[in-house]
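Working notes for the structure below.
Numbering (our numbering), first residue to last: 566 to 1310.
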C-alpha cells in the first residue's frame, strides 16, 4: 500500500514540475516575442507592449524561485477531493486546478486542522522531496475511520526531520511545516500593529517572513505599489534570510537593516553603548529641531553690503522680519529659505533703487537690472547665507557632533558629560544610531535644490499622464490576462512606473530604497526589542498608516537603548492601538539547553518567555572550567570534538567583541579555510562572531568563550541569553570566572 501511494505521488509531482517547466517556456517565449516587437504606434500601444513585458518578467521570476520543494502537502477531504498544497498555485490551460497556493484560504486547513477539529479534512499528507523527486510521504490521519489496526492517529515526522536537519548558513522557509499557532498569526488581519512575542527557537523570524508573503498575496492590490518593508537587525542577518521570500513566491519585498534606511548611507554599528543610548532618546527630536533653527541667524548689528559701488545696509530687524515670515510658511528649512531670500532681495533692491533715484544718477526709465545686481552681489550672497544657509542632513549632524559650542546651544538638556560623549571628528563614519537622526534632520531641512518643488510638480504631472495611459492599457489587456490566469498581477501603478522616463528601470523595491520619503503599505520589524525610540520614530514615518508586524523577545534585549517592555517601546507612537500574540513552542533549542538559558535569565531578574521545547537533545550543556588566560587554548583543544559531534553541521564560536580578533586569528591558524568570521561567512564549518551578530541566527553547535563577559557593562543578560539559545543540537561554555547563576542546575 505504501509503495503504491509513493509511486502515485511521484507521478503527480512529476506532472506538477512538467507544468511548471511548460509555464516557464511559455513566459520565456512570450517575453522574447514582446522584446522583438518594435516601439512603433501610439503611446498606448507601447504601454501595452511594456505591460506584457513587465508581466512576463515578474511571472518568470516567480516561477524560477519556487523550484525547490514546489509541492509539500496534500489534503484528503470529506468531499472526496484531493487538494495539493504548494508554493504557488498551478492550473491547466483550461483552468483545472492542479495545486493550491499555500496562502490561499482553501489551503489554511492544511495547517489548522486537528483530530479534534478536522475542518473537513480526513488526512493530511506531507510530501518530502529531494530535488524534484518525492523521497518519502508521511500521513496525519485525522479521521479515525481511515485508520487500519495498529496505525497511529497523527505523526510529526516531517516537522522533526526539518528540525534535526543540518544548518546550511542560510535560513530555510517553514512553509511545509507551519504549525497551527504560527499559521493563526501569519493569517492575522492586515490593519494595525501586531506584536509577535516569542522566546528563542519559536520561529519568530520565519513567521514574520511568511506573514509578509501572505499579506502580499492576500492584499496585493493595496500593497504591490506601496510595497512591504522588512527590517532586520544587521546586514549579515538580511543575507541570512534573503532566499526565503523568493522561495515563497514573493520577490518584491524591500529587505534592509536599519543602517541602510537612509539613502546613500551605509552605517556601521555604534561602538559605544552610552552613545547609542543618548542618540536613541526622543529628546533628540528637540535637539535636532534646535540645531536647524539655530542655522537661521539674526546678525548682532547692521551689515554694510557693497552692490556695484553702492553701500546698502542690512539691519537685524529686516532679517528677523524675513525669518519670521519664512518660518510662518511651515515649510522645511531649505524650502522656507526661498521665501526668506525673496523678501530680503526685494527690500535690498528697493533700498538700492531709492539710493540711485535720490542721487539723480543712472537711467530712471528702467530699474529691472537693479534686482539682478543685488542678487549677484558677493556681499549680499554671503550675508544671506550667513543668516540662512542651505543645509544637508549630513552637514548639519557633522557640525552638531564636532563643534562643542554648536552642540551646547542645541542640547541644553544634556549634561556636559553626555555632550562630551557625542563629540567626534566631522569625518567619522555614520553609525546605525545616527540614521534616525539623519532622517529627522532631512525631514526638517527638506529639499536643498531650490527648483525641487517645481521639478516634483512636473514629475507628478507626468506620472498622472502615465497612470491614465496605463489604466487604459490594462483595460485593453484585461481579457487576455484573465485567459492566462494572471489577471491582477500587474496594476496600473506598476505600468505607470515602468513607462516613466528614467535613466534606468527600477523595481518598486529599488525605488523605495532610494526615496527617503517613500510610504510603505506595511512594515515588518524583526528583533524589534533592540530598537531605540528614535528608530521607532523613523519606522513609523516610513509607514504613516501604522500597519506593522513586530516580532521579538524582550528577554533578548541587549541594547541599552532597547525596550524593557512592548508598552514602553510602542506607546509613544501607537498608543494602545496594537495587539500582542505569543508563540509558545520552541522548535529549535533542545529542552536541556533552553531550560539552562531560562534559569540563567530568571536568576538575573529577567522575566523571559519559556516556550515548551518539542524535543530533548542528546547532550546537556557542557561546561569547561579553566584558569584565567587559558580560554583560547582550551577552545582550540575542544573544537575537533565539537566538529565531530555536529557531524558536518555548522559550528559557531561566540565571544565578547573585545576577544573577537584574538579568537578568530587563533581558530584560523589551526583550521584555516574552514573558518569564517561574522554572519557573512555562514557557509564555512566554523564561524567566529560576537553575540550581536549571532542574533536571529541558528547553528548546529555553539561554543561560548567566557560567558560572564557577555553580560557587558550594562549587566543585561540579553547577549548571553541570545548566545545560549542559538544551537539546535549542542552547547559548550568555556569559562575562567564564576558562571552566571542558573546555568547549572
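For glycine and all other residues, C-beta sits at the position ideal for the given N, C-alpha and C. A quick note: this is a predicted structure, and the numbers were derived from the prediction, not measured.
query: Cα-Cα separation, residue 1165 to residue 1308; result: 5 Å
query: Nearest-angstrom Cβ-Cβ length linking residue 860 and residue 898, presumed shorter than 8 Å; result: 7 Å
query: Endpoints, alpha helix (DSSP H) assigned at residue 935; result: 933 to 941
query: Secondary structure of residue 1018, DSSP reduced to three states; result: Confidence in residue 1018 is poor, its pLDDT being 46 and thus under 50, which makes the residue's placement unreliable; the coordinate value appears in the next sentence. Residue 1018: helix per DSSP, three-state reduction.
query: Residue 1087 (DSSP reduced to helix, strand or coil); result: strand
query: Rounded straight-line distance, which links the Cα of residue 619 to that of residue 974; result: 53 Å
query: Coil, strand or helix - residue 817 by DSSP; result: coil
query: Proximity winner among 1265, 1271 and 1276, relative to residue 1189 (alpha-carbon distances); result: 1271
query: Touching by the beta-carbon criterion (3+ pairs, under 8 Å), the segment 902 to 909 and the segment 829 to 845; result: no
query: Cβ-based burial, residue 1287 [other Cβ within 10 Å; buried from 16]; result: buried
query: Residue interval of the alpha helix (DSSP H) (run including residue 782); result: 769 to 783
query: Delimiting residues of the alpha helix (DSSP H) encompassing residue 1113; result: Segment 1113 to 1117 is the beta strand (DSSP E) holding residue 1113; no alpha helix (DSSP H) there.
query: Residues sharing a beta bridge with residue 1147, DSSP; result: 762
query: Contact check, residue 796 vs residue 1104, beta carbons under 8 Å; result: yes
query: Neighbourhood of residue 800 by C-beta, 6 Å cutoff - its chain only, sequence neighbours within 5 removed; result: 822
query: Outcome for residue 934 when other beta-carbon atoms lying within 10 angstroms are tallied against a minimum of 16; result: exposed
query: Residue 1251 vs residue 1232 beta-carbon contact at 8 Å; result: yes
query: Secondary structure of residue 709, DSSP reduced to three states; result: helix
query: Burial state of residue 764, where buried means 16 or more other Cβ atoms lie within 10 Å; result: buried
query: Same chain only: Cβ atoms within 7 Å of residue 740, ignoring 5 sequence neighbours per side; result: 637, 652, 667, 775 and 813
query: Residue 1291 beta carbon less than 8 Å from that of residue 1259; result: yes
query: Of the residues 569, 997 and 1302, the one placed nearest residue 1191, counting alpha carbons only; result: 1302
query: Residue 1202, DSSP secondary structure in three states; result: helix
query: Assigned exposure category for residue 681 - 16 Cβ within 10 Å defines buried; result: exposed
query: Residue burial classification, residue 709 (beta-carbon count within 10 angstroms, cutoff 16); result: exposed
query: Nearest-angstrom Cβ-Cβ length linking residue 676 and residue 665, presumed shorter than 8 Å; result: That belief does not hold up - the Cβ atoms of residue 676 and residue 665 are roughly 12 Å apart, past 8 Å.
query: Residue 759 beta carbon less than 8 Å from that of residue 1146; result: yes
query: Closer than 7 Å: residue 745 CB and nearest the ligand ADP heavy atom; result: As far as ligands go, the structure on display features none, and thus does not contain the ligand ADP.
query: Anticipated Cβ contact below 8 Å, residue 816 with residue 630, distance rounded; result: 6 Å
query: Three-state secondary structure assigned by DSSP to residue 649; result: strand
query: Cα-Cα separation between residue 1246 and residue 1269, rounded to whole angstroms; result: 18 Å
query: At least 3 beta-carbon pairs within less than 8 Å: the segment 1079 to 1091 vs the segment 1106 to 1119; result: yes
query: Spatial neighbours of residue 855 in its chain, beta-carbon cut-off 8 Å, leaving aside the 5 residues before and after; result: 974, 975 and 976
query: Burial state of residue 1102 (16 or more Cβ within 10 Å); result: buried
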